[in-house]
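Count the sequence shown with this note's numbering and you get residues 49 to 350, in order. Okay, structure first, notes after.
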Amino acid sequence: CDRFDLQTEIWRGRILRAVRDREKRGGEGRGTGFLNWLKDREISKSQAYALIELANSADTLLAQGQLNPDSINNFSKRAFVETAKSSPQVQQMISDAACNGDRITRRQVRQMSDEWTAMSSDLLPEEVREKAQAGVMPTRYLAPLVREMEKLPESHITEIRREVSANPDVDTIKNLTSEAKNLSKYLDAAAQVQAINQSSVDVEMALEEALRVGCLNTAADLVKQATQLEQAIVKLHSTWKRVGSLADRLYVDTGASTPHLRSLLSCLEQLAGQVLEVQLGDSREGRIRLQILADNEESFRE
């Protein structure tokens with residue numbers, strides 16, 4: 049049972065946390081000692097860290113004075129962790145319910161957290177918060193919108209507030225939540241793309257135009273894919289240099305007595321040279337040829 053003796057599970061987490069910290073101090077600091085300790089006792093890494101998270105949650109709630117230790121077993125494990133991540137106001141309401149003998153599930157914690165977010169956030173117009181308090185507007189739609197709005201600059205928040213105030217209905221809330229999510233994705237990705245940062249393009253104006261013509265989602269996906277492409281290129285370059293370095297080293301270590309190793313090197317030359325060649329699927333799909341050019345005069349193999 050998920051609620052069975054939660055107190056015992058918390059103490060298990062505290063013990064595991066102490067062992068982890070001890071191994072970090074006494075070992076190399078990379079956690080290998082703790083992992084070996086877990087392996088010797090047939091405890092999985094995921095199970096151990098779930099218990100440690102549970103212990104951390106308990107210590108957080110107890111230290112804040114939000115929870116009576118006698119009511120801990122009224123929580124499910126996931127509800128307990130979720131409560132520790134909630135705002136102090138939600139923690140207090142959940143703790144009061146647990147002290148009254150109510151069984152607390154993660155779904156209840158999330159529902160109460162959504163209700164509090166929808167009814168208290170200054171990001172939403174006052175009339176919308178009043179509708180949430182009256183139960184006219186479902187909080188499960190408002191809370192995701194608030195969480196997405198928190199990631200945006202003030203200029204975009206103002207426009208979303210205006211739309212919510214003008215059309216305070218569920219469909220509008222859903223559409224604005226999706227739009228806010230795409231806005232956040234676009235802005236986050238654009239900040240990471242070197243091709244954009246090294247140019248004079250006005251990211252905000254491009255965003256406004258994407259909004260105006262209704263292609264924000266496409267623009268956001270494009271910028272995100274550009275970020276991933278740049279990262280892939282950097283990784284490709286690093287791997288390519290490593291392949292070239294290893295090929296050179298192996299060439300020096302081999303000779304006429306190692307014909308098969310020399311054959312291996314010959315086969316891999318198409319991946320170690322300045323021009324990389326890779327076949328696409330079967331022979332009918334053609335080949336990809338990529339040429340790597342350096343901005344400086346250094347050797348292509350380091």
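Glycine included, each C-beta is placed from N, C-alpha and C at the ideal position.
Check: I need the straight-line Cα distance from THR275 to LYS93, nearest angstrom please.; Outcome: 32 angstroms
Check: Spatial neighbours of ARG68 within its chain, please: CB distance less than 6 angstroms, with the 5 preceding and 5 following residues excluded, ordered by chain position.; Outcome: PHE82
Check: Are the CB atoms of LYS229 and GLU196 within a distance shorter than 8 angstroms?; Outcome: yes
Check: Is DSSP giving PHE348 helix, strand or coil here?; Outcome: Because PHE348 sits at a pLDDT of 40, beneath the cut-off of 50, its placement in the model cannot be relied upon, and the point is left open.
Check: So if DSSP puts VAL323 in a beta bridge, which residue, or which two residues, is it bridged to?; Outcome: GLN339
Check: Are there 16 or more other CB atoms within 10 angstroms of the CB of LEU328, so buried, or fewer, so exposed?; Outcome: exposed
Check: Who are the near neighbours of ASP53 in its chain, counting only those whose CB is closer than 8 angstroms to its CB and skipping five residues on each side?; Outcome: ASN121
Check: Do you know how far the Cα of LEU172 is from the Cα of ARG290?; Outcome: 53 angstroms
Check: Just how far apart, CA to CA, sit VAL261 and PRO192?; Outcome: 25 angstroms
Check: Using the rule of at least 16 other Cβ atoms within 10 Å of the residue's Cβ for burial, across every protein chain shown, is LYS87 buried or exposed?; Outcome: exposed
Check: Please classify HIS204 as buried or exposed, where buried requires at least 16 other C-beta atoms within 10 Å of its C-beta.; Outcome: buried
Check: Could you tell me whether the stretch 286-301 touches the stretch 262-274, where touching means 3 or more Cβ pairs closer than 8 angstroms?; Outcome: no
Check: Starting from ILE152, follow its DSSP beta bridges and name the residues at the other end.; Outcome: PHE123
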